[in-house]
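Student:
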Amino acid sequence: MKRLATVLSALTLSTVALGGCVSMGTDYDPTAVDQIVPGTPMAEVIARLGQPNNRMTLANGQTQLLWMHSTGTAWGTGEARSVALLFDAQGKFVRVVMTNQTDMR
Numbered sequence: 096m097k098r099l100a101t102v103l104s105a106l107t108l109s110t111v112a113l114g115g116c117v118s119m120g121t122d123y124d125p126t127a128v129d130q131i132v133p134g135t136p137m138a139e140v141i142a143r144l145g146q147p148n149n150r151m152t153l154a155n156g157q158t159q160l161l162w163m164h165s166t167g168t169a170w171g172t173g174e175a176r177s178v179a180l181l182f183d184a185q186g187k188f189v190r191v192v193m194t195n196q197t198d199m200r
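Here this note's numbering is used: the first residue of the sequence shown is 96, the next is one more, and so on.
In structure tokens, the structure reads:
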């Protein structure tokens, strides 16, 4: 009975600790962004990074895709990162528009 109480206590603490974590956005791999070369098709980029969080078609026919991901804990720590990529009117990668990474510790 004492062992059962210990196991239940450990499970309860684990549930509370994990319940204090939050994650939002598409959890993309930032190192994969560095491997994308000009001319890479948009579909291939999406296959590597996952679905973007935002898509904007520009007046000149180009498309900008934005990936964002953030995590946080009940203890006030977390991380946020984002990347915006530009594609030409034919859907080929042109360049990285911006990247951002912030650690909150």
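We put the CB at the ideal spot given by N, CA and C, even for glycine.
A quick note: this is a predicted structure, and the numbers were derived from the prediction, not measured.
Decide if the region 129–138 is in contact with the region 162–173; the criterion is three or more beta carbon pairs, one per stretch, under 8 Å apart.
Tutor: Because the criterion of three Cβ pairs below 8 Å is not met, the region 129–138 and the region 162–173 do not touch.
Student: If I'm right that Phe-188 touches Val-140 with Cβ under 8 Å, what's the distance once you round it to whole angstroms?
Tutor: Their Cβ separation, rounded to whole angstroms, is 6 Å, which keeps Phe-188 and Val-140 in contact under 8 Å.
Student: CB-CB under 8 Å to Met-199, same chain, minus the five flanking residues each way: which ones, in chain order?
Tutor: Here the set comprises Gly-167, Gly-171, Thr-172, Gly-173, Glu-174, Ala-175.
Student: Helix, strand or coil for Ser-104? Go by DSSP, reduced to three states.
Tutor: At Ser-104, the pLDDT of 49 sits below 50, so the modelled position is not reliable; the number obtained from the coordinates is stated separately. Three-state DSSP puts Ser-104 in a helix.
Student: Using DSSP with H/G/I as helix, E/B as strand and the rest coil, what is Ala-179?
Tutor: Three-state result, Ala-179: strand.
Student: In the DSSP output, what is Met-193 paired with across the bridge?
Tutor: In DSSP, Met-193 forms a bridge with Ala-179.
Student: Check for me: the alpha helix (DSSP H) holding Thr-126 runs from which residue to which?
Tutor: From DSSP, the alpha helix (DSSP H) with Thr-126 extends over 125–128.
Student: Looking at the secondary structure, which residues open and close the alpha helix (DSSP H) in which Leu-144 lies?
Tutor: Its alpha helix (DSSP H) spans residues 137–144.
Student: State buried or exposed for Val-67, treating a residue as buried only when at least 16 other CB atoms are found within 10 Å of its CB.
Tutor: Given that the chain is displayed from residue 96 to residue 200, the structure contains no residue 67 and the question cannot be resolved.
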